[in-house]
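Q:
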Amino acid sequence: MKMTRPRLITLMAALAMVAVPLAVHAAGNHAGGHSHAATADETPFGMPGDKKVASRTVTIRMSDAMRFSPAAVNVKLGETIRFVVTNPGNLKHEFVLGTMNDLKEHAEAMKKHPDMEHGEENHAVDLAGGKRGSLLWKFSKPGEFYFGCLIPGHFDAGMIGKVIVK
Ligand SMILES: [Cu+2]
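Residue numbering for the sequence shown follows the working numbering, starting at 1249 and increasing by one per position.
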């Protein structure tokens, strides 16, 4: 199955979590459960990390000059990174991981719905000025992925960074 929509995947993961207890109840009636919970969260750019196996911490700073620093991160395939994201400025910023297509689509959606929150998403951190947050991500697929601030105007101003996984 080709899946390029992290929001859809997040929704599917949420549904899968709801479905698991039902599946457990039904196990007596249906031989061979078919839950794929272990990989339900996997996206084209990786999957949520497990803090017990975090390989290392990478600190990313977001600035009111519409930049991330560092703006490029190199990762070994299979590493779980704990991103500690800081926002020392005054404006709200966000750190959203994805493919370039995901981020572009999402940035367009944000222009139509500027108040969208990403707090429920496991691959994004929204931060008001002066705040810090973190997210764990396992880079289970090789390639070039991106992190962007999708607040209207910020992405277009160049608030984007790259993760190279190999
Ligand atoms: Cu921003």
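Cβ coordinates follow ideal geometry from the N, Cα and C atoms, glycine included.
#1: Can you give me the Cβ contacts of L1398 inside the same chain, cut-off strictly under 7 angstroms, excluding the 5 residues immediately before and after it?
#2: If you measure between the beta carbons of V1411 and A1320, is that distance less than 9 angstroms?
#3: What does DSSP give as the partner residues of L1345 in its beta bridges?
#4: Leaving out five residues before and five after A1274 in sequence, what residues of the same chain have Cβ atoms less than 7 angstroms from its Cβ?
#5: Around ligand 1, what residues have a beta-carbon under 5 angstroms from a heavy atom of it, in chain order?
#6: Is A1285 buried or exposed, if buried means 16 or more other CB atoms sit within 10 Å of its CB?
#7: Given P1400, which residues of its chain have a CB within under 6 angstroms of its CB, disregarding the five upstream and five downstream residues?
#8: Does the beta-carbon distance from F1316 to F1387 come in below 9 angstroms?
#9: Just grab the DSSP bridge partners of D1374 for me.
#10: In whole angstroms, what is the alpha-carbon distance linking P1318 and H1371?
#11: Consult DSSP for V1272 and reduce its assignment to one of helix, strand or coil.
#12: Tell whether a beta-carbon distance below 9 angstroms holds between T1307 and V1332.
#13: Rounded to the nearest angstrom, what separates K1389 and G1346 at their Cα positions?
#14: Excluding the 5 residues flanking M1407 on each side, which residues of the same chain have their C-beta closer than 6 angstroms to its C-beta?
#15: Compute the beta-carbon to beta-carbon distance between K1379 and N1349, rounded to the nearest angstrom, for a pair I have assumed lies under 8 angstroms.
A: Per the coordinate set shown:
#1: By 1-based counting over the sequence shown, the position of residue 1398 is 150. Taken in chain order, the residues that qualify are E1342, V1344, L1351, H1354, A1355 and M1358.
#2: Numbered from its first residue, the sequence shown carries residue 1411 at position 163. Numbered from its first residue, the sequence shown carries residue 1320 at position 72. Yes, they are a contact pair.
#3: The sequence position of residue 1345 within the sequence shown is 97, counting from 1. According to DSSP, which records beta bridges pairwise, L1345 is partnered with F1395.
#4: Here residue 1274 corresponds to residue number 26 of the sequence shown, with the count starting at 1. Note that A1274 has pLDDT 38, beneath the 50 cutoff, so the model's placement of it is unreliable and the number below is only indicative. Once the five neighbours on either side are set aside, A1274 has no close Cβ partner at all.
#5: H1341, C1397, I1399, H1402 and M1407
#6: For the purposes of this step, residue 1285 is identified with residue 37 of the sequence shown, where counting begins at 1. With a pLDDT of only 46 at A1285, under the threshold of 50, the placement of this residue in the model should not be trusted; the figure read from the coordinates follows. Exposed, because fewer than 16 other Cβ atoms sit within 10 Å of the Cβ of A1285.
#7: The residue labelled residue 1400 in the question sits at position 152 within the sequence shown. Only M1358, K1359 and P1362 meet the Cβ criterion.
#8: Locating residue 1316 in the sequence shown gives position 68, where the first residue counts as 1. Locating residue 1387 in the sequence shown gives position 139, where the first residue counts as 1. Taking 9 angstroms as the Cβ cut-off, F1316 and F1387 do not qualify as a contacting pair.
#9: The residue you call residue 1374 lines up with position 126 of the sequence shown. Its beta-bridge partners are E1342.
#10: By one-based count along the sequence shown, residue 1318 stands at place 70. By one-based count along the sequence shown, residue 1371 stands at place 123. So the two alpha carbons sit approximately 18 angstroms from each other.
#11: Counting from 1 along the sequence shown, the entry for residue 1272 is found at position 24. Confidence is the limiting factor: at V1272 the pLDDT is only 40, short of 50, which leaves the residue's position unreliable and the question unanswerable from this model.
#12: Taking the sequence shown and counting its residues from 1, the one referred to as residue 1307 is at position 59. Taking the sequence shown and counting its residues from 1, the one referred to as residue 1332 is at position 84. It is a contact, given that the beta carbons lie within the stated cut-off.
#13: Reading the sequence shown from its first residue, position 141 is the one you call residue 1389. Reading the sequence shown from its first residue, position 98 is the one you call residue 1346. Looking at the two C-alpha atoms, the distance is approximately 12 angstroms.
#14: Looking up residue 1407 in the sequence shown gives position 159. Hits under 6 angstroms: M1314 and C1397.
#15: What you label residue 1379 is simply residue 131 of the sequence shown in a count that begins at 1. What you label residue 1349 is simply residue 101 of the sequence shown in a count that begins at 1. Rounded, the Cβ-Cβ distance is 28 angstroms, inconsistent with contact.
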